[in-house]
């Protein structure tokens, strides 16, 4: 998420270079390569003019949810194993604890979907804090 905020906060019309993101966020370029690759595959970031150019957001920050960012790296949100589609449990149909976790999990998903990158960026700007 820090990388997305960094790109969104960048005011340069030419985008922000990967080396600058790595330095600002104290990440290795090799690790950042993996992050950028996932964000690009999800359509969340793009190179402004191809290789060796700065990164920009793939769409307006008001149209990028925290859930979108999460999904670039994970297939979904599942706070306990028993909610996973591939998890089989003999007691799933009668387990009251599972119902509790399912409701909580959905609240988390809904919260992620309700928060946009634009909201986070506005919050950072209003506090004038570095994004570490």
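Residue numbers (my numbering): 12 to 143. Backbone N, C-alpha and C define an ideal beta-carbon position, used for all residues, glycine too.
Practice task
For the beta strand (DSSP E) holding residue 43, just list the boundary residues, first then last.
Solution key: Boundaries for residue 43: no beta strand (DSSP E) harbours it, while the alpha helix (DSSP H) harbouring it runs 40-52, taken from the DSSP string.
Handout entry: Nearest neighbour of residue 129, chosen from 111, 68, 97, 114 [CA to CA]
Key = Looking at 111, 68, 97, 114, the one whose alpha-carbon comes closest to that of residue 129 is 68.
Problem - Bounding residues of the alpha helix (DSSP H) (the contiguous stretch that carries residue 144) - result: No statement about residue 144 is possible, as the shown extent of the chain runs from 12 to 143 and does not include it.
Handout entry: Beta-bridge pairing of residue 61 - partner residues as DSSP gives them
Key = Beta bridge pairing from DSSP links residue 61 with 59.
Problem - Between the CA atoms of residue 122 and residue 115 - distance to the nearest angstrom - result: Cα to Cα, residue 115 sits roughly 11 Å from residue 122.
Handout entry: Local Cβ density within 10 Å of residue 90, reported as buried at 16 or more and exposed below that
Key = So residue 90 counts as exposed.
Handout entry: Backbone CA spacing between residue 41 and residue 33 [nearest angstrom]
Key = When the Cα atoms are used, residue 41 and residue 33 turn out to be separated by approximately 9 Å.
Problem - CA-to-CA distance, residue 13 to residue 144, given in whole angstroms - result: The requested residue 144 is not part of the displayed model; the chain covers only 12 to 143.
Problem - Closest residue to residue 65 among 71, 81, 47 (Cα-Cα distance) - result: Of the listed residues, the one whose Cα sits closest to residue 65 is 47.
Exercise for the section: Go ahead and pull the three-state DSSP assignment for residue 77. Expected result: Three-state DSSP puts residue 77 in a helix.
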